[in-house]
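A.B. asks:
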Amino acid sequence: EEIPARKAASPAEESDKPKRAPRERKPLEEKPITLTVSCEGSGETKAITFNMAQSIGKLKNIATTAFDAPVSYNVFHVSNEGQVFLTKAILVTLSEGARIHLAAPLETTA
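Each residue of the sequence shown is one higher than the one before, starting from 285 at the first, in this note's numbering.
1. Taking just the CA atoms, how far does T377 sit from A387?
2. According to DSSP, is K372 part of a helix, a strand, or is it coil?
3. Go to T318, then tell me how far its beta strand (DSSP E) extends in each direction, as first and last residue.
4. If you follow the alpha helix (DSSP H) that A347 is in, where does it begin and where does it stop?
5. Answer yes or no: the CB of A350 versus the heavy atoms of the ligand SAH, is any distance below 7 Å?
6. Across which residues does DSSP place S379 in a beta bridge pair?
7. Determine the direct distance from the alpha carbon of C323 to that of A331, and round the result to whole angstroms.
8. Short check: CB of T320 to CB of G381, under 8 Å?
9. Taking the straight line between their C-alpha atoms, what separation do you get for L370 and A305?
10. On the criterion of 16 or more Cβ atoms from any shown chain inside 10 Å, does A347 qualify as buried, or is it exposed?
11. Judging by CA-CA distance, which residue of E391, Q338, K342 is the nearest neighbour of K315?
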């Protein structure tokens, strides 16, 4: 049995409201910083340059590419207190020469 083709929904009625101009994105100010990266399973560290105006995702991409590490690895901030999962709040506090570490996600117990 053939299923009849669905009729295309009629386009929304044209309103009299003027269309808003697309918002122009301001180019983000470049804030290059050099970070030291270590990776689980590798004894070496590498220095990477990262633009602090970018996201953690971009940082993770640069770091995992440098070590050819699995994308499933998480990014941790290495401090005197130990390793802490890197969040945006921590990312904005990083300074030149800060250390980050790539490692498999921590097992969470529910």
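All C-beta atoms in this analysis are idealised placements derived from N, C-alpha and C, irrespective of residue type, glycine included. Computed from a prediction, not measured in an experiment: that's the story for all the values here.
C.D. replies: According to the data block:
1. If I take the Cα positions, the gap works out to 21 Å.
2. If DSSP states are grouped into helix, strand and coil, K372 belongs with the helices.
3. For T318, the enclosing beta strand (DSSP E) covers residues 316-323.
4. Here the alpha helix (DSSP H) through A347 covers 340-351.
5. This structure simply doesn't include the ligand SAH, nor any ligand for that matter.
6. Looking at the DSSP assignment, S379 forms no beta bridge with any residue, so it has no partner.
7. The alpha-carbon atoms of A331 and C323 are separated by roughly 12 Å.
8. Yes, these two residues count as a Cβ contact at 8 Å.
9. Cα to Cα, L370 sits roughly 37 Å from A305.
10. With 16 or more other Cβ atoms within 10 Å, it is buried.
11. Nearest in C-alpha terms to K315, of all of E391, Q338, K342, is Q338.
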